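Note sheet for the following structure.
In this note's numbering, the protein residues as written are 946 to 1173.
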């Protein structure tokens, strides 16, 4: 399967240039113009590598990189018009794997992308372990590949949906409160009026349960929370 690259840069010409070079190498690319849009997209889709500009309006690449690193470990290559060492250090300490200063040689960027992808895929292959396959009845959760199967058929979950299902699966038989689920998955303080977890649970049930109104996997414990 071709690797999927997310390109985040507010300069349309640079986005298009990077995309052309990478797609000529057989890589799939998706382009967005700001970090906030990128973070929203990452909630819905999986990518193998992110190319992230530092100097962007609304949210800069440093802040975006730190937010991405809270939940994901795919390689991040940062781009910046600044070439001072302090900027490079700041970019790498925020969680980036590599750094290129603009203007850059597209061939060098391609080489670095391929290097990061090789290392990332080798690491994932080396760390796969059957302990990370969770089986509950006809439900199978692979926490390495972040895949889910029900009765042998693969089910597509968003990243947050998968995180909730993994959390419940790893704690089989234990009732987890809505607050615990929210703060573990979103890594933010929970507000009692927030129904985000309930909405995500409903979506997961629609995907994994034969009858979402009478679930056999994710059970509601009224007044307490959810459990598998």
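Just so it is clear, CB atoms sit at the ideal spot from N, CA and C, and this is done for glycine as well. Nothing here was measured: the structure is a model prediction, and the numbers come from that model.
From the options, residue whose alpha carbon lies closest to that of residue i
{"i": "residue 1112", "options": "1089, 1129, 951 and 987", "result": "1129"}
{"i": "residue 1109", "options": "1097, 1124, 1096 and 1056", "result": "1124"}
{"i": "residue 1058", "options": "972, 1163, 1159 and 954", "result": "972"}
{"i": "residue 996", "options": "1142, 952 and 962", "result": "952"}
{"i": "residue 1055", "options": "949, 1160, 963 and 1165", "result": "963"}
{"i": "residue 1002", "options": "983, 1020, 979 and 959", "result": "979"}
{"i": "residue 1162", "options": "1090, 1116 and 1104", "result": "1116"}
{"i": "residue 981", "options": "1007, 965 and 1098", "result": "1007"}
{"i": "residue 1000", "options": "1091, 1150, 1046 and 1107", "result": "1046"}
Between the CA atoms of residue j and residue i - distance to the nearest angstrom
{"i": "residue 1065", "j": "residue 1154", "result": "33 Å"}
{"i": "residue 1027", "j": "residue 1009", "result": "18 Å"}
{"i": "residue 1119", "j": "residue 1127", "result": "16 Å"}
{"i": "residue 989", "j": "residue 1041", "result": "22 Å"}
{"i": "residue 1044", "j": "residue 1014", "result": "16 Å"}
{"i": "residue 1103", "j": "residue 1085", "result": "16 Å"}
{"i": "residue 1096", "j": "residue 1083", "result": "5 Å"}
{"i": "residue 1093", "j": "residue 983", "result": "24 Å"}
Rounded distance between the beta-carbons of residue j and residue i, thought under 8 Å
{"i": "residue 1148", "j": "residue 1100", "result": "Going by Cβ atoms, the distance from residue 1148 to residue 1100 rounds to 11 Å, so no, they are not a contact pair."}
{"i": "residue 949", "j": "residue 993", "result": "5 Å"}
{"i": "residue 1114", "j": "residue 1173", "result": "6 Å"}
{"i": "residue 1039", "j": "residue 1011", "result": "5 Å"}
{"i": "residue 998", "j": "residue 954", "result": "4 Å"}
Cβ neighbours of residue i in the same chain (closer than 8 Å, five flanking residues each side left out)
{"i": "residue 1122", "result": "1169 and 1170"}
{"i": "residue 1156", "result": "none"}
Beta-carbon contacts of residue i that lie in its chain and below 6 Å, excluding the five residues immediately before and after
{"i": "residue 1164", "result": "1172"}
Runs of beta strand (DSSP E) lying entirely within the segment 1012-1069, each at least 3 residues, in chain order: If you keep only unbroken beta strand (DSSP E) runs of at least 3 residues inside the segment 1012-1069, you get 1021-1025 and 1043-1046.
Any beta strand (DSSP E) of 3 or more consecutive residues that is wholly inside the segment 1073-1143: Fully enclosed beta strand (DSSP E) runs of no fewer than 3 residues occupy 1078-1081, 1084-1087, 1092-1095 and 1098-1100 of the segment 1073-1143, in order along the chain.
Inside the segment 969-997 only - alpha helix (DSSP H) runs reaching at least 4 residues: 980-989, all fully within the segment 969-997.
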